[in-house]
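Asker:
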Amino acid sequence: MPPTNPTFSFSRKDSTVTINTINSDYVLHVKKRTGPIKLDGVLDEEDWKRAQKATDFYMVLPYDTGYSAAKSEVMMTYGDKAFYLAFVFYDTIPGKRPVESLRRDFVFGNNDNFLLFLDTYNDQTTGYSFGANAAGAKWDGTMSDGHNVNLIWDCKWQSKTKNYKDRWVTEMRIPFKSIRYQSGVDHWNVQFSRLDLKRNEKSAWAPVPRQFPTASLAYAGVLEWETPPPKSGLQFSLIPYIFGSVSRDFEAGTDTRYRKDFGMDAKLGLSSSLNLDLTYNPDFSQAEVDDQVTNLDRFELYYPEKRQFFLENSDLFANYGSDQIRPFFSRRIGLDAPVLAGARLSGKIGNDWRIGVMDMQTEKHNNLLARNFFVASVQKKVFSRSNIGAILVNKQNMNVPSGFTGNEYNRVAGLEYNLASSNNYWTGEFFGLRSFTPGLNSGKQFTQGAQLSYSRKQYELSMIEYYVGKNFNAETGYVPRVDYLRLNPRATVRFYPENNGVEYHGFFTELDTYFRPGDMDLTDREVSFDYFFQFHNRSHLELETNFWYIKLRNEFDPTNQGNHFLQSGTDYNWFDATLIYQSDNRKTFKYELSSGYGGFYNGNRWHAEGLLNYRFQPLGYISMVFSYNNLMLPQPWGDVDYWLVGPKLDVTFTDKLFFTTYVQYNEQIDNINVNARLQWRYQPVSDIYLVYTDNYFPGNMEAKNRALVFKMTYWFN
1 MPPTNPTFSF
11 SRKDSTVTIN
21 TINSDYVLHV
31 KKRTGPIKLD
41 GVLDEEDWKR
51 AQKATDFYMV
61 LPYDTGYSAA
71 KSEVMMTYGD
81 KAFYLAFVFY
91 DTIPGKRPVE
101 SLRRDFVFGN
111 NDNFLLFLDT
121 YNDQTTGYSF
131 GANAAGAKWD
141 GTMSDGHNVN
151 LIWDCKWQSK
161 TKNYKDRWVT
171 EMRIPFKSIR
181 YQSGVDHWNV
191 QFSRLDLKRN
201 EKSAWAPVPR
211 QFPTASLAYA
221 GVLEWETPPP
231 KSGLQFSLIP
241 YIFGSVSRDF
251 EAGTDTRYRK
261 DFGMDAKLGL
271 SSSLNLDLTY
281 NPDFSQAEVD
291 DQVTNLDRFE
301 LYYPEKRQFF
311 LENSDLFANY
321 GSDQIRPFFS
331 RRIGLDAPVL
341 AGARLSGKIG
351 NDWRIGVMDM
361 QTEKHNNLLA
371 RNFFVASVQK
381 KVFSRSNIGA
391 ILVNKQNMNV
401 PSGFTGNEYN
411 RVAGLEYNLA
421 SSNNYWTGEF
431 FGLRSFTPGL
441 NSGKQFTQGA
451 QLSYSRKQYE
461 LSMIEYYVGK
471 NFNAETGYVP
481 RVDYLRLNPR
491 ATVRFYPENN
501 GVEYHGFFTE
511 LDTYFRPGDM
521 DLTDREVSFD
531 YFFQFHNRSH
541 LELETNFWYI
551 KLRNEFDPTN
561 QGNHFLQSGT
571 DYNWFDATLI
581 YQSDNRKTFK
591 YELSSGYGGF
601 YNGNRWHAEG
611 LLNYRFQPLG
621 YISMVFSYNN
631 LMLPQPWGDV
641 DYWLVGPKLD
651 VTFTDKLFFT
661 TYVQYNEQID
671 NINVNARLQW
681 RYQPVSDIYL
691 VYTDNYFPGN
701 MEAKNRALVF
711 KMTYWFN
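Residues in the sequence shown are numbered consecutively from 1, following UniProt numbering.
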């Protein structure tokens, strides 16, 4: 039996790179091809017959103490322009292989799939991921933080999947120019991962402890090329696009507006590891619509970035700080004024340095001045997988007139240390940030934070400490609240019974407290205790309980309607509990349901949420999310009900033609939103989009605003 947590390792050195990974004994030797490779799912070429096979995959889930029951084979070869993969996954259980659709960048847990994780710089931190599901849908993304995959990134590559009665086979061709790597190096870190949903089994070529994802580069094996991959020369891609739209704002009473325009992106590969991206007059109309939520919180809600230009290499800019203390948040750019142009330089310099520089210019719009947004970051690798980083963010108003009441500029600078031990047991983050705003008291513009976690199979322990100064001001960041000290210890414990329908069960508990820094007055406290059960059939049951204490520092309307307010200085205690169930997601029909009851400030709250999903594979699925909140408050609020319902249809006619329709009814904001998007990928990474959006008043279905957008892109390289 393989070791659960392998301890063997050795170092291997050439003139530029040292390999020192936990699984460095797992080596796949890749020979250069001698003949052509046809992507057809039939492995009859001589190069596949003589290629070394990666076999004997190790089980990761539900257990990590043995070999996978299903047979898997992965082979590789390469030429002067591209490398090739072929994999064969045999079935042990007959029947249809579960897949969600043919859509690119599928949801990992909803598909039988294969994923490749490439660490092309041997730093166990950054890299690339490619994959396919059993229906042939593609997956590609960039990797950061040792395991995170950003699926917004696309590149040109080819694959072909063929299904047989007892196995499915995929061949891939990935051009070397589509990725970045260090020239002259004959070995990369690599991991092969398989998810077999019928067996409820996740496996990997090099063993990975079950508490970590198979994407964890700390546990990758080694890919050894017969000769180093070719040196990358200057690479240039031009992506022009045209778009036209027709829209009308019925609420404002304006006439129908017609618009046509053009823009372009350009990608310049300065080296095999450094890239320059340029954009002129960008249009983001094809970006997915935000998922609406019922807002019962006192602070600004977070909506993730979905625009592609801002998401490539986003870890270099957007990961500083914590999820509630971000010095840079790209959604501050371009949503209130059009972006005129932008540039981004990002990538590696040498073995240990990463840099990122981005500059975006917005136009003068309505009452807003033209603004320039600049962000720069640099990271230096230290020890085996950790790094030290620095960031500078600058927001500058342009051509400021006399008498201007806003800030001429706002800047944030910071330092950060990210800890990741060689075996990934210890992870942490330690940062300090300082804002600079003219006219604002220079005191208390400092923010610092510390987070440390220790993770094993049976338990995970972590501690968070954050301080945000009263005058800290990050106008291009996401900092929903200031002037507090937060202390937040957490613990998760799991038990693994034998010969039981339960895969594991356990509990999570935390104490989350906020203090006012001056007098250390307690303003928020949440004590949580959750118990959970993960079953072998992939269903999940969890009971959440919370004890709350909140002392308001500002007046607050618990309905968020802005009509009646709880007064600043008043405090509230309450208890609530929620039961959550997730069904077996291998089934054609799956669902998630939760419901809870308890106190809520000066009253009570009952809520129910759910997701229903029916899959008609491989063409897509129809789903519906819903949320109901019943706030039982004293007068002058009384009983308040909020419904949120969102049916969605996602159809993939082929792996190149997609149609999505999303309808969202949000009672809290009195709105029905309809968003329909047709996408045709008529050439590799070249698309035609047709997007329709509409907003209505629910009561009489009177239109608020409406728009129809056409966009066409083409990738020249």
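Just so it is clear, CB atoms sit at the ideal spot from N, CA and C, and this is done for glycine as well.
Check residue 70 in the structure and name its three-state DSSP category.
Answerer: Mapped onto the sequence shown, residue 70 falls at position 70. Coil.
Asker: To which residues of the same chain is residue 531 closer than 6 Å at the C-beta, ignoring the five residues directly before and after it?
Answerer: Position 531 of the sequence shown, counting from 1, holds the residue named residue 531. Excluding residues within five positions, the ones whose Cβ falls inside 6 Å are 507 and 543.
Asker: Residues in the same chain with beta-carbon distance under 6 Å from residue 10, minus the five sequence neighbours each way, listed in chain order, please.
Answerer: As a first step, residue 10 is located in the sequence shown; it is residue number 10 there, counting from the start. Caution applies to residue 10, whose pLDDT of 34 falls short of 50 and renders its modelled position unreliable; the value that the coordinates give is listed next. Closer than 6 Å at the Cβ level, and outside the excluded window around residue 10, lie 24.
Asker: Using the C-alpha atoms, what's the distance from residue 34 back to residue 124?
Answerer: Sequence index remark: in the sequence shown, residue 124 carries index 124 (1-based). Sequence index remark: in the sequence shown, residue 34 carries index 34 (1-based). Taking the Cα positions, residue 124 is about 31 Å away from residue 34.
Asker: How many Å lie between residue 264 and residue 356 at the Cα?
Answerer: The sequence position of residue 264 within the sequence shown is 264, counting from 1. The sequence position of residue 356 within the sequence shown is 356, counting from 1. Whole-angstrom Cα-Cα distance: 21 Å.
Asker: Tell me, please, which residues DSSP counts as bridged to residue 489.
Answerer: Residue 489 sits at position 489 when you count from the first residue of the sequence shown. DSSP, once it has assigned bridges, lists 463 as partnering residue 489.
Asker: On the DSSP bridge assignment, give the partners of residue 632 in chain order.
Answerer: The residue given as residue 632 occupies position 632 in the sequence shown. BP columns for residue 632 point to 604 and 639.
Asker: Work out the CA separation of residue 303 and residue 330 for me, nearest whole Å.
Answerer: Mapped onto the sequence shown, residue 330 falls at position 330. Mapped onto the sequence shown, residue 303 falls at position 303. About 11 Å.
Asker: With a 10 Å radius around its C-beta and 16 neighbouring C-beta atoms as the bar for buried, classify residue 536 as buried or exposed.
Answerer: On the sequence shown, residue 536 is found 536 positions in, with the first residue counted as 1. Exposed: under 16 other Cβ atoms inside 10 Å.
Asker: The beta strand (DSSP E) with residue 683 in it runs from where to where?
Answerer: Counting from 1 along the sequence shown, the entry for residue 683 is found at position 683. Counting along the chain, the beta strand (DSSP E) containing residue 683 begins and ends at 671–683.
Asker: If you run the structure through DSSP and keep just helix, strand and coil, what is residue 456?
Answerer: To locate residue 456, count along the sequence shown from 1; it is residue 456. Residue 456 sits in coil when the DSSP states are folded into three classes, being neither helix nor strand.
Asker: To test your reading of the DSSP string, which unbroken beta strand (DSSP E) runs of 3 or more residues are found completely within the stretch 250–283?
Answerer: 257–269 and 274–280
Asker: What distance in whole Å lies between the Cβ atoms of residue 346 and residue 313, which are believed to be in contact at a cut-off of 8 Å?
Answerer: The residue you call residue 313 lines up with position 313 of the sequence shown. The residue you call residue 346 lines up with position 346 of the sequence shown. Correct: roughly 4 Å between the Cβ atoms.
Asker: If you count every other CB in all the chains shown that lies within 10 Å of the CB of residue 702, and 16 or more means buried, which is it?
Answerer: In the sequence shown, residue 702 corresponds to position 702, counting from 1. That one is exposed.
Asker: For residue 170 and residue 178, which I take to be in contact (beta-carbon distance under 8 Å), what is that distance rounded to the nearest angstrom?
Answerer: Residue numbering aside, residue 170 sits at position 170 when the sequence shown is read from its first letter. Residue numbering aside, residue 178 sits at position 178 when the sequence shown is read from its first letter. With a Cβ gap of about 17 Å, residue 170 and residue 178 do not count as contacting.
Asker: Can you name, in chain order, every residue of its own chain whose Cβ lies under 6 Å from the Cβ of residue 646, other than the five neighbours on each side?
Answerer: Position 646 of the sequence shown holds residue 646. For residue 646, where only same-chain residues beyond five positions count, the Cβ hits under 6 Å are 625 and 664.
Asker: Under three-state DSSP, which class holds residue 137?
Answerer: Here residue 137 refers to the residue found at position 137 when the sequence shown is read from its first residue. Assigned with DSSP and collapsed to three states, residue 137 falls in coil, not helix or strand.
Asker: Confirm, please, whether the CB-CB distance from residue 60 to residue 203 is below 8 Å.
Answerer: In the sequence shown, residue 203 corresponds to position 203, counting from 1. In the sequence shown, residue 60 corresponds to position 60, counting from 1. Contact: yes.
Asker: Looking only at its chain, what residues have a beta carbon closer than 7 Å to the beta carbon of residue 368, apart from the 5 residues adjacent to it on each side?
Answerer: Here residue 368 refers to the residue found at position 368 of the sequence shown. Once the five neighbours on either side are set aside, the close Cβ partners of residue 368 are 336 and 337.
Asker: Hey, is the stretch 541–557 in contact with the stretch 518–527, meaning 3+ C-beta pairs nearer than 8 Å?
Answerer: yes
Asker: Report, in whole angstroms, the separation of the C-beta atoms of residue 399 and residue 420, which I expect to be a contact under 8 Å.
Answerer: Looking up residue 399 in the sequence shown gives position 399. Looking up residue 420 in the sequence shown gives position 420. Wrong, their Cβ atoms sit about 45 Å apart, outside the cutoff.
Asker: Could you round the C-beta distance between residue 602 and residue 649 to whole angstroms and report it? I think they count as a contact, below 8 Å.
Answerer: Locating residue 602 in the sequence shown gives position 602, where the first residue counts as 1. Locating residue 649 in the sequence shown gives position 649, where the first residue counts as 1. In fact, because the Cβ distance is near 41 Å, the residues do not count as touching under 8 Å.
Asker: Pick from 691, 266, 415 and 173: whose alpha carbon is nearest that of residue 79?
Answerer: In the sequence shown, residue 79 corresponds to position 79, counting from 1. It is 173.
Asker: With burial defined as no fewer than 16 other Cβ atoms inside 10 Å of the residue's Cβ, what is the status of residue 360: buried or exposed?
Answerer: Looking up residue 360 in the sequence shown gives position 360. With 16 or more other Cβ atoms within 10 Å, it is buried.
Asker: Which residues bound the beta strand (DSSP E) around residue 344?
Answerer: Here the question's residue 344 lines up with position 344 in the sequence shown. Where residue 344 is concerned, the enclosing beta strand (DSSP E) stretches over 339–349.
Asker: What span of residues does the beta strand (DSSP E) with residue 395 cover, start to end?
Answerer: As a working mapping, residue 395 is identified with position 395 in the sequence shown. Per DSSP, residue 395 belongs to the beta strand (DSSP E) from 386–397.
Asker: Can you give me the start and stop residues for the beta strand (DSSP E) that residue 529 sits inside?
Answerer: In the sequence shown, residue 529 corresponds to position 529, counting from 1. From DSSP, the beta strand (DSSP E) with residue 529 extends over 521–535.
Asker: Distance check for residue 708 and residue 651, CA to CA, integer angstroms please.
Answerer: Counting from one through the sequence shown, the residue named residue 651 turns up at place 651. Counting from one through the sequence shown, the residue named residue 708 turns up at place 708. In a straight line, the C-alpha of residue 651 is about 20 Å away from that of residue 708.
Asker: Contact between the stretch 456–464 and the stretch 478–485: three or more CB pairs below 8 Å?
Answerer: No, they do not touch.
Asker: So what does residue 76 bridge to, in DSSP terms?
Answerer: Counting from 1 along the sequence shown, the entry for residue 76 is found at position 76. In DSSP, residue 76 forms a bridge with 85.
Asker: Quick check on residue 52: does DSSP put it in helix, strand or coil?
Answerer: For the purposes of this step, residue 52 is taken as the residue at position 52 of the sequence shown. Residue state, collapsed to three classes: coil.
Asker: Run the CB neighbour count on residue 416, radius 10 Å, all protein chains shown included, and call it buried at 16 or more, exposed below.
Answerer: Indexing the sequence shown from 1 puts residue 416 at position 416. Buried.
Asker: Is the stretch 602–611 touching the stretch 252–267, taking contact as three or more C-beta pairs under 8 Å?
Answerer: no
Asker: Where does residue 704 fall in DSSP's three states?
Answerer: Taking the first residue of the sequence shown as 1, we reach residue 704 at position 704. In this structure, residue 704 counts as strand in the three-state DSSP scheme.
Asker: Whose C-alpha, out of 512, 591 and 322, is nearest the C-alpha of residue 540?
Answerer: Along the sequence shown, one-based indexing puts residue 540 at 540. Taking only the C-alpha atoms, the option nearest residue 540 is 591.
Asker: Tell me whether the beta-carbon of residue 471 lies closer than 8 Å to the beta-carbon of residue 443.
Answerer: For the purposes of this step, residue 471 is taken as residue 471 along the sequence shown, with counting starting at 1. For the purposes of this step, residue 443 is taken as residue 443 along the sequence shown, with counting starting at 1. Taking 8 Å as the Cβ cut-off, residue 471 and residue 443 qualify as a contacting pair.
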